[in-house]
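Enquirer: Shown below is the structure under consideration.
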Amino acid sequence: MRFNTNQYFHVVVADIKNFKWINGTYGEKTGDQVLTYLGDTYRNQVRYGTVGRYGGDQFVAIIYGKKEIRMADMEKFIHRVESGAPIPNLVVNYGVYENVDKTLPFTLICDRAFLAMKSIRDDYEHQIAFYDDEMRRRHIRNGQIENAFEEAIRNEEFVVYLQPKYSVETEEIVGAEALVRWKRAEGTIVSPGEFIPLFEKDGLIVRLDEYVFRKVCSIQGERIRLGKKILPISVNLSRASIHYDNMICRYVKIVEENGIPFSSVPIELTETAALYNDQISKIIEKMVDAGFKLHMDDFGSGYSSMTSLTQLPFDTLKLDKSLIDYIENFRGQQVVRHTISLAHSLGMKVLAEGVEKAKQVEILRSLHCDGIQGFYYARPLPWENFETEVIRAKGACKK
Numbered sequence: 001m002r003f004n005t006n007q008y009f010h011v012v013v014a015d016i017k018n019f020k021w022i023n024g025t026y027g028e029k030t031g032d033q034v035l036t037y038l039g040d041t042y043r044n045q046v047r048y049g050t051v052g053r054y055g056g057d058q059f060v061a062i063i064y065g066k067k068e069i070r071m072a073d074m075e076k077f078i079h080r081v082e083s084g085a086p087i088p089n090l091v092v093n094y095g096v097y098e099n100v101d102k103t104l105p106f107t108l109i110c111d112r113a114f115l116a117m118k119s120i121r122d123d124y125e126h127q128i129a130f131y132d133d134e135m136r137r138r139h140i141r142n143g144q145i146e147n148a149f150e151e152a153i154r155n156e157e158f159v160v161y162l163q164p165k166y167s168v169e170t171e172e173i174v175g176a177e178a179l180v181r182w183k184r185a186e187g188t189i190v191s192p193g194e195f196i197p198l199f200e201k202d203g204l205i206v207r208l209d210e211y212v213f214r215k216v217c218s219i220q221g222e223r224i225r226l227g228k229k230i231l232p233i234s235v236n237l238s239r240a241s242i243h244y245d246n247m248i249c250r251y252v253k254i255v256e257e258n259g260i261p262f263s264s265v266p267i268e269l270t271e272t273a274a275l276y277n278d279q280i281s282k283i284i285e286k287m288v289d290a291g292f293k294l295h296m297d298d299f300g301s302g303y304s305s306m307t308s309l310t311q312l313p314f315d316t317l318k319l320d321k322s323l324i325d326y327i328e329n330f331r332g333q334q335v336v337r338h339t340i341s342l343a344h345s346l347g348m349k350v351l352a353e354g355v356e357k358a359k360q361v362e363i364l365r366s367l368h369c370d371g372i373q374g375f376y377y378a379r380p381l382p383w384e385n386f387e388t389e390v391i392r393a394k395g396a397c398k399k
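Oh and the sequence shown: position 331 is 331 in our numbering, straight run, nothing missing.
Spelled out as structure tokens, the structure:
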């Protein structure tokens with residue numbers, strides 16, 4: 001594409017949502033008609049600038065002038081384009097880079113507009129995104145985190161922490177949940193809230209899940225060799241790991257190599273990851289047949305699936321903190337009461353997450369909840385300190 005670098009200009013990129021589906025449903029001829037229609041429409045609409053096909057189902061428009069591209073104008077433009085499309089419900093996403101840095105190569109200019117567009121790729125509420133410096137900083141930061149992953153695995157920078165689980169009745173520690181922390185070699189800490197969502201997007205979470213699982217199995221194996229009581233340590237499994245080829249065989253082998261019982265490493269699945277379908281059902285049944293105990297994590301945090309509860313063999317239901325936060329008011333307490341009752345009637349134990357106050361403990365005890373996990377008793381601990389907390393809790397409940 002030719003453009004005048006002596007003028008101020010903006011760049012707008014467009015990408016057809018689900019274009020492969022359009023080709024598959026309507027045929028490639030109709031797909032070509034859609035592309036031709038968009039190209040012609042964009043050229044007619046852009047008066048002061050130029051429009052070109054960037055490749056595949058993507059277009060680039062260079063719009064000259066200093067005037068800002070207003071969101072309202074873009075929304076009107078989108079409506080005009082999509083209302084005249086040759087197929088119904090055509091959706092196109094747009095990325096906008098305003099007042100372009102003219103010192104940059106054109107490919108990098110386009111990359112910034114595409115970066116904005118990619119930020120809404122999985123967003124079904126928005127079709128327009130504007131590039132800004134914060135987006136660029138976040139993009140660079142994400143790249144740094146992804147590039148550091150291999151070295152972090154090799155150097156064992158990912159550290160397992162254990163958050164104890166307590167019996168509501170006795171207040172003894174009855175198990176723990178394994179959580180991961182990232183301590184860089186130079187001493188900086190990378191927040192799980194920063195790297196977990198990123199690894200879930202790019203697939204690295206599969207390797208991190210297995211890394212944590214290996215560490216926990218090694219911890220349990222060491223406890224057996226030292227003659228210590230085995231308390232189950234649950235491990236979180238992402239949806240990506242559930243669908244990973246040979247996942248069950250790999251995890252079974254790790255358990256057997258460490259000489260530990262399967263019941264000592266329960267698997268936690270979020271209610272979203274465990275949403276019922278035939279494929280999930282078969283995978284979970286194989287995990288249970290192999291000997292694993294399954295916990296449904298974060299129950300109540302999203303669109304809870306009653307079908308998953310009735311069809312999938314979970315051993316424990318973990319109530320999300322969002323439910324516990326409202327347990328002190330009548331309606332919130334009734335929801336928790338009946339959820340516990342339902343779980344018990346299905347043969348499941350119930351553990352409350354995110355417990356932070358004595359009043360919450362008191363109510364959960366009156367509702368016959370089985371276990372508690374939260375800052376009221378203990379924050380996540382380095383696994384080396386876990387045994388100390390076990391001894392402390394045991395001594396405290398004898399007093």
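Don't be surprised by glycine CBs; every beta carbon is placed ideally from N, CA and C.
Treat the numbers as computed from the prediction; the structure is a model and nothing was measured.
Can you tell me which of the three DSSP states K228 falls into?
Expert: What you label residue 228 is simply residue 228 of the sequence shown in a count that begins at 1. K228: coil per DSSP, three-state reduction.
Enquirer: Do K183 and E151 count as a contact pair if the criterion is CB distance below 7 Å?
Expert: For the purposes of this step, residue 151 is identified with residue 151 of the sequence shown, where counting begins at 1. For the purposes of this step, residue 183 is identified with residue 183 of the sequence shown, where counting begins at 1. Going by C-beta atoms, E151 is not nearer than 7 Å to K183.
Enquirer: Distance check for I230 and I224, CA to CA, integer angstroms please.
Expert: The sequence position of residue 224 within the sequence shown is 224, counting from 1. The sequence position of residue 230 within the sequence shown is 230, counting from 1. Cα-Cα distance, rounded: 7 Å.
Enquirer: Apart from the five residues on each side of it in sequence, which residues of its chain come closer than 8 Å, Cβ to Cβ, to G84?
Expert: Numbered from its first residue, the sequence shown carries residue 84 at position 84. Excluding sequence neighbours, G84 sits near Y37, T41.
Enquirer: How would you label P197, buried or exposed, when you count the other beta carbons within 10 angstroms and need 16 or more for buried?
Expert: One-based indexing of the sequence shown puts residue 197 at position 197. The residue is exposed, with fewer than 16 neighbouring Cβ atoms inside 10 Å.
Enquirer: In terms of DSSP beta bridges, what is A352 paired with?
Expert: For the purposes of this step, residue 352 is taken as residue 352 along the sequence shown, with counting starting at 1. Beta-bridge pairing links A352 to L319, I372.
Enquirer: Can you name the residues that DSSP bridges to F299?
Expert: Locating residue 299 in the sequence shown gives position 299, counting from the first residue. DSSP output for F299 lists L319 as bridge partner(s).
Enquirer: Assess, as a yes-or-no matter, whether the segment 124-136 is touched by the segment 40-60 under the definition of 3 or more beta carbon pairs within less than 8 Å.
Expert: no
Enquirer: Can you tell me where the beta strand (DSSP E) with F59 in it begins and where it stops?
Expert: What you label residue 59 is simply residue 59 of the sequence shown in a count that begins at 1. Taken as a continuous stretch (DSSP letters only), the beta strand (DSSP E) holding F59 covers 58-64.
Enquirer: What are the start and end residues of the beta strand (DSSP E) that includes S345?
Expert: Within the sequence shown, residue 345 is the residue found at index 345, counting from 1. Under the DSSP assignment, S345 falls outside any beta strand (DSSP E), being part of the alpha helix (DSSP H) whose first and last residues are 330-345.
Enquirer: Could you tell me which residues DSSP pairs with M268 in its beta bridges?
Expert: In the sequence shown, counting from the first residue as 1, residue 268 sits at position 268. According to the sequence as given, residue 268 is Glu; it is not Met. DSSP output for E268 lists N236, H295 as bridge partner(s).
Enquirer: Contact check, V160 vs C217 under 8 Å by CB: the rounded distance?
Expert: Start at 1 with the first residue of the sequence shown, and residue 160 comes out as number 160. Start at 1 with the first residue of the sequence shown, and residue 217 comes out as number 217. Rounded, the Cβ-Cβ distance is 11 Å, inconsistent with contact.
Enquirer: Given that a residue counts as buried once 16 or more other Cβ atoms are within 10 Å of its Cβ, and exposed if not, what is A185?
Expert: Taking the first residue of the sequence shown as 1, we reach residue 185 at position 185. Within a 10 Å sphere around the beta-carbon of A185 sit fewer than 16 other beta-carbons, which makes this residue exposed.
Enquirer: In three-state terms, what does DSSP make of G52?
Expert: For the purposes of this step, residue 52 is taken as the residue at position 52 of the sequence shown. Collapsing the DSSP output to three states places G52 in a strand.
Enquirer: Beta-carbon separation of K321 and G354 under 7 Å?
Expert: By one-based count along the sequence shown, residue 321 stands at place 321. By one-based count along the sequence shown, residue 354 stands at place 354. For K321 and G354, yes; Cβs fall inside 7 Å.
Enquirer: Regarding A343 and the ligand FAD, is the C-beta to nearest heavy atom distance less than 6 Å?
Expert: Absence of the ligand FAD from the depicted structure is noted, as is the absence of any ligand whatsoever, leaving it without description.
Enquirer: With three or more beta-carbon pairs closer than 8 Å as the criterion, would you say the segment 101-109 touches the segment 19-29?
Expert: Per the Cβ contact rule, the segment 101-109 is not in contact with the segment 19-29 (fewer than 3 Cβ pairs under 8 Å).
Enquirer: Do you know how far the Cα of Q58 is from the Cα of L115?
Expert: The count along the sequence shown starts at 1 and reaches residue 115 at position 115. The count along the sequence shown starts at 1 and reaches residue 58 at position 58. Each residue's Cα considered, the two are about 13 Å apart.
Enquirer: Kindly give me the distance between the Cβ atoms of Q311 and V265, rounded to whole angstroms, as I take these residues to be in contact under 8 Å.
Expert: Indexing the sequence shown from 1 puts residue 311 at position 311. Indexing the sequence shown from 1 puts residue 265 at position 265. About 24 Å; that fails the 8 Å criterion.
Enquirer: Three-state secondary structure (DSSP) at G221?
Expert: Position 221 of the sequence shown holds residue 221. In this structure, G221 counts as helix in the three-state DSSP scheme.
Enquirer: So which of V96, Q144, V361 has the shortest CA-CA distance to F195?
Expert: Taking the sequence shown and counting its residues from 1, one reaches residue 195 at position 195. Selected option, being the one with the closest Cα: Q144.
Enquirer: Does any CB atom of chain D fall closer than 7 Å to the CB of Y54?
Expert: The structure shown contains no chain D, having only a single protein chain.
Enquirer: Assuming the contact rule is C-beta atoms closer than 8 Å, V12 and A72 should be a hit. Round their C-beta distance to whole Å, please.
Expert: Here residue 12 is taken as the residue at index 12 of the sequence shown, counted from 1. Here residue 72 is taken as the residue at index 72 of the sequence shown, counted from 1. Contact between V12 and A72 is ruled out by a C-beta separation of about 15 Å, above the 8 Å threshold.
Enquirer: Taking the continuous beta strand (DSSP E) assigned at P357, which residues delimit it?
Expert: Counted from its first residue, the sequence shown places residue 357 at position 357. Looking at the sequence provided, one finds Lys at residue 357 rather than Pro. Unbroken run through K357: none, as it is neither H nor E.
Enquirer: Who are E177's beta bridge partners in DSSP?
Expert: Taking the first residue of the sequence shown as position 1, residue 177 is located at position 177. Its beta-bridge partners are Q163, S234.
Enquirer: Considering Cα atoms alone, identify which of R80, L90, T103, M74 is closest to V96.
Expert: Numbered from 1 along the sequence shown, position 96 holds the residue referred to as residue 96. Per the Cα distances, M74.
Enquirer: Taking only runs that begin and end inside the segment 86-173, name each unbroken beta strand (DSSP E) of 3 or more residues, in chain order.
Expert: 92-97, 128-130, 158-167
Enquirer: Are T340 and L367 touching if we call contact CB-CB under 7 Å?
Expert: Here residue 340 refers to the residue found at position 340 when the sequence shown is read from its first residue. Here residue 367 refers to the residue found at position 367 when the sequence shown is read from its first residue. Checking the displayed sequence, the identity of residue 340 turns out to be Ile instead of Thr. It is a contact, given that the beta carbons lie within the stated cut-off.
Enquirer: Taking L346 as the reference, which of L269, T307, G291 has the closest Cα?
Expert: Residue mapping note: residue 346 aligns to position 346 of the sequence shown, counting from 1. Checked all of L269, T307, G291; the closest Cα to L346 is T307.
Enquirer: Where does L226 land, buried or exposed, given buried means 16+ other C-beta within 10 angstroms?
Expert: What you label residue 226 is simply residue 226 of the sequence shown in a count that begins at 1. It is exposed - the Cβ of L226 has fewer than 16 other Cβ atoms within 10 Å.
Enquirer: Need the endpoints of the beta strand (DSSP E) that D15 sits in, please.
Expert: Here residue 15 refers to the residue found at position 15 when the sequence shown is read from its first residue. 9-16 is the span of the beta strand (DSSP E), which, as asked, contains D15.
Enquirer: CB E268 to CB N236, shorter than 7 Å?
Expert: Here residue 268 refers to the residue found at position 268 when the sequence shown is read from its first residue. Here residue 236 refers to the residue found at position 236 when the sequence shown is read from its first residue. Yes, the Cβ-Cβ distance between E268 and N236 is below 7 Å.
Enquirer: How big is the Cα-Cα spacing for R239 and Y251?
Expert: Within the sequence shown, residue 239 is the residue found at index 239, counting from 1. Within the sequence shown, residue 251 is the residue found at index 251, counting from 1. Straight-line Cα distance between these residues: approximately 15 Å.
Enquirer: Per DSSP, which one or two residues make a beta bridge with P313?
Expert: Residue numbering aside, residue 313 sits at position 313 when the sequence shown is read from its first letter. In the DSSP output, where bridge partners are listed per residue, P313 has none listed.
Enquirer: Look at the alpha carbon of S119 and the alpha carbon of N246, and state the distance between them as a whole number of angstroms.
Expert: Stepping through the sequence shown from its first residue, residue 119 is reached at position 119. Stepping through the sequence shown from its first residue, residue 246 is reached at position 246. Approximately 32 Å, taken between the alpha carbons.
Enquirer: Closest to Q163 by CA distance: which of I153, N147, R181, S263 is it?
Expert: Taking the first residue of the sequence shown as 1, we reach residue 163 at position 163. Residue R181 is the option with its Cα nearest to Q163.
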